[in-house]
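Numbering of the sequence shown is given in the numbering used here, commencing with residue 9 and proceeding in unit increments. No residue lacks a Cβ here, since even glycine has one placed at the ideal position from N, Cα and C.
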Amino acid sequence: MLSKTPLHANHTKLNARMVDFHGWEMPLHYGSQLKEHQVVREDAGLFDVSHMTVVDVLGAGGRQFLRHLLTNDVDALEHTGRALYTCMCNEHGGIIDDLIVYQRAPDNYRLVLNSATRAEDLAWIRDTIQGFSAGLQERNELSMIAAQGPEAIRKVMKALSPAQADAISTLTQFECVDVDGWFFARTGYTGEDGLEIIVPQDEVSALWDKLVCEGIEPCGLAARDTLRLEAGLLLYGQDMDTTTSPLESGLAWTVKLEPQDRDFIGMGALLSQKQQGIKRKLVGLTLKDRAIMRPGQQVFLPDGTVGMITSGTYSPTLQHSIALARVPCSAGEEVMVDIRGKQYKALVGKPRFVKNGQPLWES
């Protein structure tokens, strides 16, 4: 039996095509994946992300616990209302999950975990928190939606109370605020500006309908995937997992090795890996031929070494195939990709293709 979010009826009313996504029945699209992708790049799109796991870390020892648990340092959160993207690693430096941590108060932090790793994440965190003056509260009574796109915040404000609209009007990137029992964060997974909103389950359906009435178009998983890939945002389980480290995944910037007395989980392994040098890296690939790169396809370097596509698709913005690939560090400007037994030349570059709706790679 698949789990359903509190917005399931809203999706079926809009004739969404529903699919199994890690045990959740979620909308793939509402008729046109391409239209939904473009509306987020140009206007505003609305996503149901209630399948994700919201947990709060509470107590005076929460800050020290998170400094031990996460690769990024929550001491970088200068004040209440700030957020931080980070990895959570095992002792070997393998990525257990990537997540965002929000500081709501000096003794109150909110984590949003991936749905596919919920059980493993919670078990790891509950085991690790032992000995710290902090507790973990899973917030199953809450739901989460995301409004994304250049017009998203303006349109969301029209659906809110004056106090809520005023509070979010001053948020900058990676800031958050609680207003009237609702939580707003200027974060997202599309590469566009926007908000992620966490509200009680019994209020989310009405909020969804209000936002749709304000002209924010419902969007499904398919558009979410092409948007995040264009923006170079990684997907756990494809682009990273416990067999890969942040240093091998283009996420070295989330690893704070100073001060050394912080001693977060996996710090020793990552420090050693940095000193010895990584042997593989995550890169972006573009393919001008009509073929489409897909996860699992092999990447061949001129020196005979081999890498692999981790995420690949057709880019609606660039109008050709793009991919993320983990390849040996010897990779140069060109590689060959095996697609159904035929090899195609792909260009190698940074693992990000679009920013604020504009291409980052030359056509």
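Of the listed residues the options, nearest to residue i (C-alpha basis)
i	options	result
residue 63	54, 102, 118	118
residue 93	275, 274, 333, 259	259
residue 196	317, 327, 335, 364	364
residue 335	273, 357, 288	288
residue 151	99, 169, 164, 215	215
residue 39	230, 160, 194	230
residue 199	180, 333, 158, 69	158
residue 80	306, 272, 322, 281	272
residue 350	308, 171, 164	308
residue 153	32, 41, 57	57
residue 305	297, 331, 326	331
residue 178	167, 325, 194	194
residue 96	313, 244, 297	244
Residue span of the beta strand (DSSP E) that contains residue i, given as start and end
i	result
residue 378	Outside the displayed span of the chain (9 to 371) sits residue 378, for which this structure offers no information.
residue 308	306 to 308
residue 121	116 to 121
residue 316	314 to 323
residue 241	Premise fails: residue 241 is in no beta strand (DSSP E) and is neither H nor E.
residue 338	Careful: residue 338 lies outside any beta strand (DSSP E) and carries neither H nor E.
residue 327	Counting along the chain, residue 327 falls outside any beta strand (DSSP E), and DSSP gives it neither H nor E.
residue 272	Segment: none, residue 272 is in no beta strand (DSSP E) and carries neither H nor E.
residue 56	53 to 56
Cβ neighbours of residue i in the same chain (closer than 6 Å, five flanking residues each side left out)
i	result
residue 192	176, 185, 203, 205
residue 25	36, 37
residue 47	53, 225
residue 100	277
residue 340	none
residue 111	85, 88, 90, 117
residue 270	75
residue 218	167
Own chain, CB closer than 7 Å to residue i, minus 5 neighbours either side, in chain order
i	result
residue 74	65, 82, 109, 117
residue 147	62, 63, 64
residue 246	303, 318, 319
residue 279	265
residue 220	54, 226
residue 121	60, 61, 63, 105, 107, 129
residue 295	301, 328, 329, 345, 352, 354
Start-to-end residues for the alpha helix (DSSP H) that takes in residue i
i	result
residue 216	209 to 221
residue 231	229 to 238
residue 262	It is not in any alpha helix (DSSP H) - residue 262 carries neither H nor E in the DSSP assignment.
residue 275	275 to 284
Cβ-based burial, residue i [other Cβ within 10 Å; buried from 16]
i	result
residue 19	buried
residue 310	exposed
residue 89	buried
residue 291	buried
residue 274	buried
residue 315	buried
residue 254	buried
residue 285	exposed
residue 9	exposed
residue 241	buried
residue 141	exposed
residue 188	exposed
residue 28	exposed
residue 32	buried
residue 232	buried
residue 283	exposed
Other residues of its chain near residue i: CB distance less than 8 Å, five sequence neighbours each side excluded
i	result
residue 114	71, 88
residue 249	102, 103
residue 235	45, 48, 49, 156, 197, 198, 199, 200
7 Å Cβ cutoff, residue i in contact with chain C
i	result
residue 329	Given the protein chain composition of this structure (a single chain), no chain C is represented.
Entirely within the region 136 to 205 and at least 4 residues each: give me those alpha helix (DSSP H) ranges in chain order. Fully enclosed alpha helix (DSSP H) runs of 4 or longer: 160 to 166, 170 to 177.
Whole beta strand (DSSP E) runs in the region 61 to 122 with 3 or more residues, listed along the chain? 61 to 66, 90 to 97, 103 to 113, 116 to 121
Output the residue ranges of the alpha helix (DSSP H) runs that lie fully inside the region 11 to 51 and measure 4 residues or longer, sorted by chain position. 16 to 21, 41 to 50
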